[in-house]
Structure formats: C-alpha cells, structure tokens
Amino acid sequence: MGVARYPRLMLDRIHIRDLLVNAIIGINPDERVTKQDVLVNATLYFDTRAAGASDDMAESINYSTITKALKSHIETSEPGLVEKLVADLARVCFETDGRIEEVRITAEKPGAVTFTRSVGVTIHRTRAEVMGS
Numbered sequence: 001m002g003v004a005r006y007p008r009l010m011l012d013r014i015h016i017r018d019l020l021v022n023a024i025i026g027i028n029p030d031e032r033v034t035k036q037d038v039l040v041n042a043t044l045y046f047d048t049r050a051a052g053a054s055d056d057m058a059e060s061i062n063y064s065t066i067t068k069a070l071k072s073h074i075e076t077s078e079p080g081l082v083e084k085l086v087a088d089l090a091r092v093c094f095e096t097d098g099r100i101e102e103v104r105i106t107a108e109k110p111g112a113v114t115f116t117r118s119v120g121v122t123i124h125r126t127r128a129e130v131m132g133s
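What follows is the structure, given as structure tokens:
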C-alpha cells in the first residue's frame, strides 16, 4: 500500500515533545567524559487518515517505538556536534518506520552556554533526502 502524496502543508504531524536524555555530546574535553542533558523534540510527518478511519494501531506510527529508538541512539552515539546528532536522529526515525515522510528534529543542550537556557539545532528532512528514495 503506497502513501498518498499531498502538499507539505497538508501532511499530518505526530509530535514527540521534551525527550530528555543524559548523554555524551560535545567537542570540549570535559564533554567527552561527563554526560549532560540533551532535550529532543521531533515532529513526524505522516498521513494519519487510515489510522483515523480504522482506529487500528497497525495503521499508525508507534510513538513508543520511535521514542525508544531515539533515546537509544542518543545514549550510545556520543557525537561531537549537535548537527551530527540531529542528522542521525532523522535517519533513526526513517529507519524505524518506513511510513514517515518527513521529520523535523530539534536537539538542545540545556545550560551548555553561559547566560542561555539552552542552545540547539533544528533540521527538517524528507525521506528522499536522508534515505535516497
């Protein structure tokens, strides 16, 4: 069953908000040994019409499965740059569920820079950009 394509503004969105994971991330020597908080927000663009009509979980995206995959990657990848982390997390989303058409991922490091609450990076990627299909 193929996914119906329609304009980006019409794509439905599933949100994962405020996933907080303690992980190694950063380029400074102390960041390579001391875990710090990483806050992730993800928007998954997916046609929810079939799930909405059927009320069948098999027609939807399992938020728990995606969240666990994101958390596992954050805990184990130990990237230097937040830019690398968000690029990897986009790929994790697409690999975890083949029906996700686009993702918007934000990763932040709360308190990493003096005088800020948080610093981070947001990307928006399509499946074709990341997976080449």
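Here our numbering is used: the first residue of the sequence shown is 1, the next is one more, and so on. Heads up, the beta-carbon is just placed ideally off N, CA and C, and yes, glycines get one too. Since the model is a prediction, treat every value here as computed from it, not as a measurement.
Supposed contact pair residue j and residue i - C-beta distance, whole angstroms, cut 8 Å
i      : j     : result
Thr106 : Asn41 : 5 Å
Glu101 : Tyr45 : 5 Å
Arg125 : Val92 : In fact, because the Cβ distance is near 12 Å, the residues do not count as touching under 8 Å.
Ile16  : Leu85 : Not confirmed; about 15 Å, so no contact.
Val121 : Glu59 : In fact, because the Cβ distance is near 32 Å, the residues do not count as touching under 8 Å.
DSSP state of residue i mapped onto helix, strand, coil
i      : result
Ala112 : coil
Arg99  : coil
Asp88  : helix
Ser77  : helix
Ile66  : helix
Arg32  : helix
Gly52  : helix
Met1   : Here the model assigns Met1 a pLDDT of 45, short of 50, so the residue's position is not dependable and the matter cannot be decided.
Ser72  : helix
Arg127 : helix
Tyr6   : Any reading at Tyr6 must be qualified, since the residue scores a pLDDT of 49, below 50, and its modelled position is unreliable; the value itself is stated next. Coil.
Val121 : strand
Inter-residue Cα distance where the pair is residue i and residue j
i      : j      : result
Glu31  : Ser54  : 47 Å
Val119 : Asn22  : 16 Å
Asp56  : Phe115 : 47 Å
Ala50  : Thr34  : 45 Å
Arg127 : Val113 : 32 Å
Ile123 : Ala87  : 8 Å
Leu11  : Phe94  : 16 Å
Leu89  : Asp37  : 16 Å
Buried or exposed (CB count within 10 angstroms, at least 16 for buried), residue i
i      : result
Pro29  : exposed
Ile27  : exposed
Lys109 : buried
Gly132 : exposed
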